[in-house]
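To keep things clear, I will list the structure first and then write my remarks on it.
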Amino acid sequence: MPEQKEQVEQENAIRVEAAPVRRKITIDPITRLEGHGKIDIFLDDAGEVERAYLQIPELRGFEEFVKGRPAEDMPQITSRICGVCPTAHHMAATKALDRLYKVDPPPAAKLIRELVYNTFMAEDHALHFYFLGGPDFVVGPDAPTAERNVLGVIAKVGIETGKKVIAFRRRLRELMGVVAGKAAHPVFGLPGGVAKRVTPEVQKQFQDAAADAIEFAKFTLQLFEDAVLKNSDYVNLILSDLYSHRTYYMGMVDQANHVNFYDGSIRVVTPQGKEWKKFEPEQYLDQIAEHVEPWSYIKFCYLKEIGWQGFKDGEKSGIYSVAPLARLNASDGMSTGLAQAAYEKFFAALGGRPVHHTLANHWARLVELLHACERMAQIAADPQLTDPHVRVLPTETPREGIGIIEAPRGTLIHHYQSDEKGLIQKANLIVATQNNAARIAMSVDKVARGLIHGGDVPEGVLNRVEMAFRAYDPCQGCATHSLPGSMPLLVQVRDLSGKVTALIRRDLDGSIYRE
Amino acid sequence: MAKPKVAFYWCASCGGCEETVVDLAEAILDVVAAVDIVFWPVALDFKRKDIEAMEDRSIAATFLNGAIRTSEQEEMAHLLRKKSAVLVAFGSCSHLGGIPGLANLFDRDHILKTVYLDAPSAVNPDKIFPAQRSRSNGNTLELPRFQSSVKTLDQVVEVDYYVPGCPPTPRILQKAVQTLLGTDLPPKGTVLAPDSALCEECARKDSKPEKLVIAEFKRPQDILADEQTCLLAQGLVCMGPATRAGCEALCVNGNMPCSGCCGPTSRVQDQGAKILSCLASLIESKEDAGIERAVDTIPDPVGTFYRYGLPGSMLRQKKLNGVQASK
Amino acid sequence: MPETVSPTNGSNGSGPRIGVYVCHCGTNIAGTVDVKAVAEYAATLPGVAVARDYKYMCSDPGQALIQQDIREHALARVVVASCSPLLHEKTFRKALERVGLNPFMLQMVNIREHDSWVHLDGKAATEKAKDLVRAAVRRVVLHKSLQKRRVPINPNVLIVGGGIAGIHAALTLADAGKHVYMVEREPTIGGHMAKFDKTFPTLDCAACILTPKMTSVGSNPNITLWTYSEVTGVSGYVGNYRIQIKRKPRYIIEELCLGCQECVTACVYKDGKTPDEFNLGLSKRKPVYLPFPQAVPQKVVIDPEVCIEFKSHKCKKTCVEACGDRKAIDFNQKEQIEEIDVGTIILATGFKSFDPLRNPYYGYGRFPNVYTSLEVERLINAAGPTGGEIVLRDGKKPTSVGIIHCVGSRDANTNRWCSKVCCMYSLKLAHLMKERTGAEVFNFYIDMRTPGKGYEEFYDRLLDEGVHFVRGRVAEVTDWPAHPSEKGKLVIRAEDTLAAFVRRIPVDMVVLAVGLEPQPDAQAVRRMFNISCSSEGWFLERHPKLAPVSTFTEGVYIAGACQGPRDIPDSVAQAGAAAAEAMALIDSQFVELEPYTAFITEEECSGCKSCIPMCPYQAISFVPEKKKAAINEVLCKGCGTCVAACPSSSIQQNFFEDEEIFEEVEGLLAYA
Amino acid sequence: MRNRQLTRAPVSAGTFEPRIVAFFCNWCTYLAADLAGTSRMKHAPNVRVVRLMCSGRLDPQFVLDAFAQGADGVLIGGCHPGDCHYQEGNYKTLRRYHLLKRLLKQMGIEDDRCRLEWISAAEGDRVRSTINDMVERVRALGPLHFNVEREDHREEVTV
């Protein structure tokens, strides 16, 4: 491919010029994150951070290999973009198929989809809080690494609570399986509805589960309050400028501008929190654009009208953010009572909308967890849920369809074009973490600048840097639809010749080893 | 006596297999009690140096999920092979190549072009592509090379056992772990799941007629599938007859046909060829034209018959003129 | 002394020890393929303990060589690279068996028919032979001990066709005490021969030699004769065929009819109005008739097409009166289906004579005095329409006759083949006509073909008798006189290639020596009996020299002109041969069936039922208790279609297991 | 499932000679090939015949295996429609063949590389003409080399 060639020649050209003597720190990879990430920190001669890069080193190319596949296979194929949030991809694809085949699902089908979806949001948010992001707070940011994991959380909150967490997820995922076929990689989404009806027995199970789930969500929020908000160090950490960016925020809302995960319009607010745009999924191409950097496989989203100004925040920059914090920022409230209360408490405690503190994502996530559980309860109570009429057969010739959903990690867009036989001709996928990519990159850069001085890399800096983006719960697996993989956590300080001038190693027991 | 060391590692996968480990739920505590997890990147921190420092074959069992696409992944596969007494290909991707293996129908350059240039939302006037080596204000950054085809784990290193499924169900995983912790290990190369096809455990088995004749195949959106009757009998392409049992027919219970994620039974070399032979044999017509009409109703044979197994199939990848060796 | 390649890695190899034997077949193989190089190459293959090449592997010393090696080198597998397995697989399997090795431990490699005989480039042929041997060596390792299935043979024989061939075969078998069912579609047996007057070259009377045989068929207790009947269904396999036979109603109760023909005399029709089939329309018959006086069985037939009773139901039925209390006439008779079991089948369905209307330039159908040879046979026959008087349609005796040879034979526009009998019967007719009418007889021929005992002498005799022979293909027969002397005559125009000028010969009568063709329904018949036809449509023998009356379907034999143009002596000889083959099979009491049956490994079967519709023999059934499929080995014919369809490869076929074929394919392609 | 080892194609500088694997029915095409032999009908030496009792035994796996192992073409010979020695086997073959051709097309294998012919036991000459024709078509297509892995894997797999 000619473009590639140019690329290579360019490199060669650059490589010829004498490279200034600088040093480079590599954090490779970031653990406890679904997918693969790598941080390169470059120090100038003074040992100050010149620039830190978050690199996403892989790619799978779903957009290419779905070509020629039958459209109806998209929900199952694209769910393999990410095994952590397969339901989000499955649902975005299914909604795109409704449009592609121009069929409107019957009411029961919509209810079943949204029920499964909220169940998924609940279990996934719980997964992140207890297994991935939570440990930073529950166990503590400076706790020994070996403890900063799910087992550590269990140790901290007690085995009983640990079992409670596990039981909660198991129960929800089993219920999802009953309706969706499988919890991991569901199969129930079809154009015009779902494959299977919900029986009264299953409805009952959901009702019971939802009731318990609400209790669990409340319990979790309480846990967060006790473990985090009552600890001023943590609060200061959350509020510290180090973890703040003034960007635009994006999220899906219903007519009342309340947060909605399954359906609605896309709302964007300015760094001041004013509504800047509200658009329908079909218009996404007018609003969202992707920027390409040669040093990462991830594409960086920005607001098309404002444009790409590089990795800067503020009103002039098109960079925006998605995921829990952004969703709350971009909405006027929650459609369910308890969540609404939690929503108000959240903004009251953090100085009103919008909140720019990245680490506040953890709290926002728990507000959403509660909302998801409440929605489960609402839908499970709906008598229409068990209506056997769950699908409308397509009659129109398939052409083009766009499906948007709020994934746990943010706005997710699937866009397909097919031939008249319904075989995919073109697919465009914009995944949650891509929307955040630019802001995440900025966070990493900012934290590195803030913590690393005089070439000295203080202990704990590694995790602090990781925390900067772990809060986004980024799924790089999704973000590049890439092949995740992991490498040891190791910081190497070396000059550009690649010679290691310093080395910091974090051992399993958490002890730090330096050379 | 020390607990056996167990490792989980992931290469080219979506993380779904990791979810299965988490989905062991309470059972995970038993596993943790029974074994010593030396690393598990998604949930625990670890480092390669520790692994390199270990005695060869000192890890009792490594569960490796994900296919192989980068040389980095190949290196890890070789390292873990060296350090593990037993290497288990865990999940469809490492077992057969998985859904990302469908990329073997295309070549790398077209993928890059599609993603970074042709995507309608991409704004890329300077035709920038992620490069193995690039410079950003004076700094040199590197990315691993994205190879031109996906491989199964056993196409890269020797594999002792396979755990099938996309993802493997917790039940399959649990049984596999039990087997491996047990005393009498099955012969090398065994797929740790029942060795008969899915129909064996399908609830709809009895509803399949003995003499099924198919005039044309149906696609799931074309019909309102009955929830009791064999889906193949309803004209849907169900991979069940050519797919290994063990999942307890989850998809069929979800009223959708089996798509073949557990791969073939041990006697079968090529799952796609087998289901092709089985389904085509049921076609009604005896004339070319009639047969062609029936065949038209399976618009994407490769994507349908090798949804999870193209790299592990006999042909492995599409013949791409220029890309395939012709020197 | 055969060259030996010293034992190789096979001895130290862990697998079974293999012996490879490359046959020279004189120069048939060795003339093209470098057999020594092939043997030397084979010796280097893994598992091969000994590899040899030898002049004639199939000869006794050749087989002894293999047997000796099996003992001395403890061989467990044998590969023989020689001719087609269809020729000598049996031979070599027996050789293995005799030294206690399972016969199926053999793999044959076809380097003659598929290699040395079809390739000119010796180098390429040798490479091909190496590839084929390599594949066989890899495959044979996987071979398993198999037992042939023995099934008892039903001693009854079905003979289809009651011509001279069928008759002779039937009598031979019946005299040997076998029960024969003879099925003939005409109302009488006798076939073409019954229509002839004399037979060449001895000129003995056809009736005199045929009739006794016909009557003994009718009277032999070991023969069940069903005329006016057709085979409609065949199922089963060698030794155990089930046959359906349709018996057309003749409206006469055969058991009661004495053949007195009083009904014929009594028929309301004073004389016949329907063209007589037996006399090729040269005479007329009544609605109720006996095909010909010596017909067997001596039972009349009623033709419903022309019988008044069938048309109007208002006939006086004088025939019924005449029949009286014998009550042999039954206007309500219906078609019957008989079902019988036999072990062997002989097809003697004969031929059809060429239809001269396809060669319009010879004027048949346009000029009343152009006859086919068969019509002339009837004219000459004492029992024929004219009582043996050779007269033209206007009743005049011909003074000059022209016989045109090769009508519908040796002709690119109709049939390419030589019909073999035309020259001889033309000579016969020429002799008889000259003898009976004193007419001048002209033979127009391309070549005179008179091979056979006394044939050439007969030709000489005719030359002496003054019959004229014109060597040249006839261009046309016309009634357009070019000269007063040709008025009222048929003019035969032909180039005399010996005299090298075109001749016009006016004659009163033209005889077309029509050739022999396969029966019009030969294709349908061969499908029913599951045998093949040559491209011309004649039934295909298993081997043109070594198995001329056998077919590729065990237990089905062919005799007479259905296999190709034949004269009577050859047909009779073939019939005897077919009878002997059938008897050999019957007296062995058991048939051995190839063990190539399919089998299911029960615990592997998922019960998906994909295999069940594959089997045309209902050999596969679904066992509800087990929810698995099961194969009835006796019904299985070993085609392997279900094996290919089994989506979990739980069905395999003996001797053709997936792994064996994979090894063969990969062996062919493995780069040496 | 055994992971079949791929045999490497020789890097032969010589002229390309197509390697064609044929699967012939024992009752028709195999006999026809024998007949071609007894009648000394010379034809191209590029075909290697595997004998099956019926074309219905042809498992599509055999065809894929042949290509995967380096065959440049695959020829299938069965009885004419209606003439199957086992009544219907050849119809099963025909149906599988049609679907198989679609699959091969998607895998980038040209149409002329896989061919099904009905050849009766009497049609020796048909064997000759079919083989000669196919060899020429495949020769024109050049080597398939399916058994050779994609370039960069061969370069990069060095661990």
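Chains A, B, C and D, in that order, give the protein sequences.
Quick note on this note's numbering: the first sequence kicks off at 1 and runs consecutively.
Quick note on this note's numbering: the second sequence kicks off at 516 and runs consecutively.
Quick note on this note's numbering: the third sequence kicks off at 843 and runs consecutively.
Quick note on this note's numbering: the fourth sequence kicks off at 1515 and runs consecutively.
Yeah, the Cβ is synthetic: ideal placement off N, Cα and C, and Gly gets one too.
Q) So residue 424 of chain A and residue 67 of chain A are in contact, right, with Cβ under 8 Å, and what is the actual spacing, rounded? A) 6 Å
Q. Looking at the structure shown, is residue 1483 of chain C part of a helix, part of a strand, or coil, going by DSSP?
A. helix
Q | Contact under 7 Å by Cβ, residue 931 of chain C with residue 947 of chain C | A | no
Q. Which partner residues does residue 456 of chain A have in the DSSP bridge list?
A. A:453
Q.
Which complete beta strand (DSSP E) runs does the region 1422–1447 of chain C hold, if anything under 3 residues is left out?
A. The qualifying runs are 1432–1435, 1440–1442.
Q | the region 178–186 of chain A contacting the region 769–781 of chain B, beta-carbon criterion three pairs below 8 Å | A | Touching, per the Cβ criterion.
(Q) In whole angstroms, give me the CA-to-CA distance for residue 1230 of chain C and residue 1043 of chain C. (A) 19 Å
(Q) For a cutoff of 7 Å on Cβ pairs, would you count residue 1657 of chain D as touching chain C? (A) Judged by the 7 Å Cβ criterion, residue 1657 of chain D is not in contact with chain C.
Q. For residue 1343 of chain C, which of helix, strand or coil comes out of DSSP?
A. strand
Q: Figure out for me which residue from D:1645, D:1540, D:1652 has the closest Cα to the Cα of residue 1556 of chain D.
A: D:1645
Q) Is it buried or exposed for residue 1468 of chain C, if we count other Cβ within 10 angstroms and need 16 for buried? A) exposed
Q | Secondary structure of residue 1512 of chain C, DSSP reduced to three states | A | coil
Q. Would you say residue 1583 of chain D and residue 1508 of chain C are within 7 Å of each other, going by their C-beta atoms?
A. yes
Q) When the Cα atoms are used, what is the spatial distance from residue 326 of chain A to residue 267 of chain A? A) It is roughly 10 Å from the alpha-carbon of residue 326 of chain A to the alpha-carbon of residue 267 of chain A.
Q) Is there at least one Cβ from chain B nearer than 7 Å to residue 1448 of chain C's Cβ? A) yes
Q) Is the beta carbon of residue 735 of chain B less than 7 Å from the beta carbon of residue 539 of chain B? A) no
Q. Along the chain, which unbroken stretches of the beta strand (DSSP E) at least 3 residues long are found entirely within the region 582–649 of chain B?
A. DSSP runs (the beta strand (DSSP E)) wholly in the region 582–649 of chain B: 599–605.
Q. Of all the CB atoms in chain C, is at least one closer than 7 Å to the CB of residue 1583 of chain D?
A. Interface criterion met: the Cβ of residue 1583 of chain D is under 7 Å from a Cβ in chain C.
Q. Considering residue 1084 of chain C, what are the terminal residues of the beta strand (DSSP E) in which it resides?
A. 1082–1089
Q.
Any beta carbon from chain B within less than 7 Å of residue 1612 of chain D's own beta carbon?
A. Answer yes: the Cβ-Cβ gap between residue 1612 of chain D and chain B drops below 7 Å somewhere.
(Q) Check whether the region 1379–1398 of chain C and the region 1212–1221 of chain C are in contact - that is, three or more C-beta pairs closer than 8 Å. (A) no
Q) Closer than 7 Å, CB to CB, is residue 1259 of chain C near chain D or not? A) no
**Q.** Buried versus exposed, by CB contacts within 10 Å (16 or more), residue 1199 of chain C
**A.** exposed
Q) Where does residue 1196 of chain C fall in DSSP's three states? A) Three-state DSSP puts residue 1196 of chain C in coil, outside helix and strand.
Q: Could you work out which residues of chain D lie near residue 1500 of chain C, taking near to mean beta carbons separated by less than 9 Å?
A: 1573, 1575, 1576
Q: Note down the Cα distance separating residue 115 of chain A from residue 52 of chain A, rounded to an integer number of angstroms.
A: 42 Å
**Q.** Of the listed residues B:831, B:627, B:542, B:650, nearest to residue 661 of chain B (C-alpha basis)
**A.** B:627
Q.
Taking its Cβ as the centre, do 16 or more other Cβ atoms sit within 10 Å of residue 272 of chain A, making it buried, or is it exposed?
A. exposed
Q: Consider the Cβ of residue 712 of chain B: report whether some Cβ of chain F lies at a distance smaller than 7 Å.
A: Here chain F cannot be found, since the structure's protein chains are A, B, C and D.
Q: Kindly indicate if chain B contains any beta-carbon less than 7 Å away from that of residue 184 of chain A.
A: yes
Q) Residues of chain B with CB under 7 Å from residue 1489 of chain C, in chain order? A) 712, 756, 757, 789, 790, 793
Q.
Can you find the residues in the same chain that come closer than 8 Å, C-beta to C-beta, to residue 200 of chain A, ignoring five residues on each side of it along the sequence?
A. Within the same chain, residue 200 of chain A has close Cβ partners 386.
Q. Among the residues of its own chain, which have a CB less than 7 Å from the CB of residue 1190 of chain C, if the five just before and after it don't count?
A. 1001, 1002, 1003, 1005, 1007, 1008, 1011, 1401, 1402, 1404, 1417
Q | C-beta contact flag for residue 617 of chain B and residue 825 of chain B at 7 Å | A | Yes, they are a contact pair.
Q: For my contact list, residue 679 of chain B and residue 706 of chain B are in at a C-beta cut-off of 8 Å; report their separation, rounded to the angstrom.
A: Right, the Cβ-Cβ distance comes to about 6 Å (below 8 Å), so this counts as a contact.
Q | Euclidean distance between Cα positions of residue 1226 of chain C and residue 1073 of chain C | A | 31 Å
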